[in-house]
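All residue numbers for the sequence shown refer to this note's numbering, where the first residue is 81 and numbers rise by one. For every residue, glycine included, the Cβ atom is placed at its ideal position computed from N, Cα and C. Here is the structure we will look at, set down as structure tokens.
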Amino acid sequence: MTPARKLDRPATLADLDALPRTWRGEILDGTLYAFPRPRFPHSNIESSLVADLKSPFQRGRGGPGGWWILVEPGIELPGSPEVSPDLAGWRRERLPHPPQKTSITTVPDWVCEILSPRTRSYDLLVKRPFYASAGVRHLWYIDPTPRVLTASRLVDGQWLEIGTFGPEDKVRVEPFDAVELDLADWFEGVEPDTEE
């Protein structure tokens, strides 16, 4: 199975359901994109980031609260019956009552993608412009191999890079700049040259 699967018709949720259990997929502009589940570097970084953000930003412990932070949420947006970023966040004033039995249809305020050799070009060349056209306000990319966080803000429909940071940095990064983040914690156990 290739990462992008062009069908002779627009892909549907039934096509996602037909993927092997060990794969995950998304549909953007009618095209089905499918990938194997992530390995340790990706999962470890994702877990560390959730630990750093949920307490202060979702629960308000040591931070301002006011957010929903979710891992691989099912989101339905124009042009996509299913997009599932690695992490996404919504300000509660924009999503006061998350749906319980259906996909979220509100554009995230923040999205984070963790790059891997299998998804790098898809995340950068397909999803990045899709997120801009959808109106996502902040986009982070975390690259495990060089241990880098790149943060961008949407300005007039274009991504403006607001910073690139490494594992030795302790940073305050939009939209979560109310709390200092120690990036060394995110890369614990992840070797710089690890390939997934």
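So which of the options has the shortest CA-CA distance to residue i?
i	options	result
Gly159	Pro272, Pro90, Arg217	Pro90
Phe267	Val259, Lys250, Ala258, Asp257	Lys250
Can you list, in chain order, the residues of its chain with a C-beta nearer than 8 Å to that of residue i? Leave out the 5 residues immediately preceding and following it.
i	result
Val216	Val187, Pro188, Asp189, Trp190, Val191, Leu234
Val253	Trp220, Leu229, Ala231, Ile242, Gly243, Phe245, Leu261
Val270	Phe120, Pro121, Asn124, Ile125, Pro224, Arg227
Gly237	Ala212, Ser213
Thr102	Pro116, Arg117
His218	Asp189, Trp190, Val191, Ala231, Ser232, Arg233, Leu234, Glu254, Pro255
Arg208	Leu219, Trp239
Taking its Cβ as the centre, do 16 or more other Cβ atoms sit within 10 Å of residue i, making it buried, or is it exposed?
i	result
His122	buried
Leu129	buried
Thr199	buried
Glu173	exposed
Pro100	exposed
Asp88	exposed
In chain order, what residues of the same chain lie with their CB nearer than 6 Å to the CB of residue i, ignoring the 5 residues before and after it?
i	result
Ala264	Pro247
Val259	Pro136, Gly143
Is the distance from the Cβ of residue i to the Cβ of residue j below 8 Å?
i	j	result
Val206	Leu108	yes
Ile222	Leu240	no
Leu96	Glu193	no
Glu106	Ser164	yes
Assuming residue i and residue j are in contact, meaning their beta carbons sit under 8 Å apart, how far apart are those beta carbons, in whole angstroms?
i	j	result
Ala168	Pro179	So it is not a contact: roughly 14 Å between Cβ atoms.
Ile149	Leu133	5 Å
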